[in-house]
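With my numbering applied, the sequence shown corresponds to residues 248 to 347, in that order.
Read through the structure below, which is laid out as structure tokens, and then see the notes.
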Amino acid sequence: ADASIKVYLTASAATRADRRTNDSDGNADRQSYQQVLQSIQRRDQIDSNREDSPLRPAEDAIIIPTDNLTAEEVVEEILALIQSNADQAAAPMIAGGQTA
């Protein structure tokens, strides 16, 4: 069945490279920012242009740009969307005299 809410998270390649290099656990093989950025850009190009299931948002997806959000803020935004959707789904039942 189709999901009632479809979320597509975005962030620029630069933001994702910055996050990945700053998220290092101290590994000696940590890549440089430039290496990570080039890898992400290459992967984006491949994923967006592949013939089977190219990476792109569904037509009815809610796109959330995450460049300036923390992980916690992204979760809060998604939870707010879910709550809003639940409230909208319950409204017709309440308006029709039924209990939610």
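Virtual Cβ for every residue (Gly too), placed ideally from N, Cα, C.
> Does the beta-carbon distance from T268 to D314 come in below 7 Å?
Replying inline: Going by C-beta atoms, T268 is not nearer than 7 Å to D314.
>> Between the alpha carbons of L284 and R303, how many angstroms are there, rounded?
In response: Those two C-alpha atoms are separated by around 20 Å.
> Given D307, which residues of its chain have a CB within under 8 Å of its CB, disregarding the five upstream and five downstream residues?
Replying inline: Excluding positions up to five away in sequence, the list reads K253.
>> List, from N- to C-terminal side, the beta strand (DSSP E) runs of 3 residues or more that fit wholly inside the segment 285 to 330.
In response: Within the segment 285 to 330, the complete beta strand (DSSP E) runs of at least 3 residues are 309 to 312.
> Excluding sequence positions up to five away, which residues of its chain have a Cβ less than 6 Å from the Cβ of P312?
Replying inline: So the list reads T257, once near-sequence residues are dropped.
> How many Å lie between A329 and A336 at the Cα?
Replying inline: Inspection of the sequence shows that residue 329 is occupied by Ile rather than by Ala. If you draw a straight line from the Cα of I329 to the Cα of A336, it is about 10 Å long.
> Between A250 and the rest of its own chain, which residues show a CB-CB distance below 8 Å, the 5 nearest in sequence each way excluded?
Replying inline: Cβ within range, chain order: n/a, list empty.
>> So for A275, helix, strand or coil by DSSP?
In response: Per-residue confidence for A275 stands at a pLDDT of 47, beneath the threshold of 50, marking its modelled position as unreliable; the derived number appears in the next sentence. A275 falls in the coil class under three-state DSSP.
> So which of Q288, A264, E298 and R290 has the shortest CA-CA distance to Q278?
Replying inline: Measuring from the Cα of Q278, the nearest candidate turns out to be A264.
> Excluding five sequence neighbours on each side, which residues of the same chain lie with their C-beta closer than 6 Å to the C-beta of D270?
Replying inline: Within the same chain, no residue comes within 6 Å of D270 by CB-CB distance, once the 5 residues on both sides are set aside.
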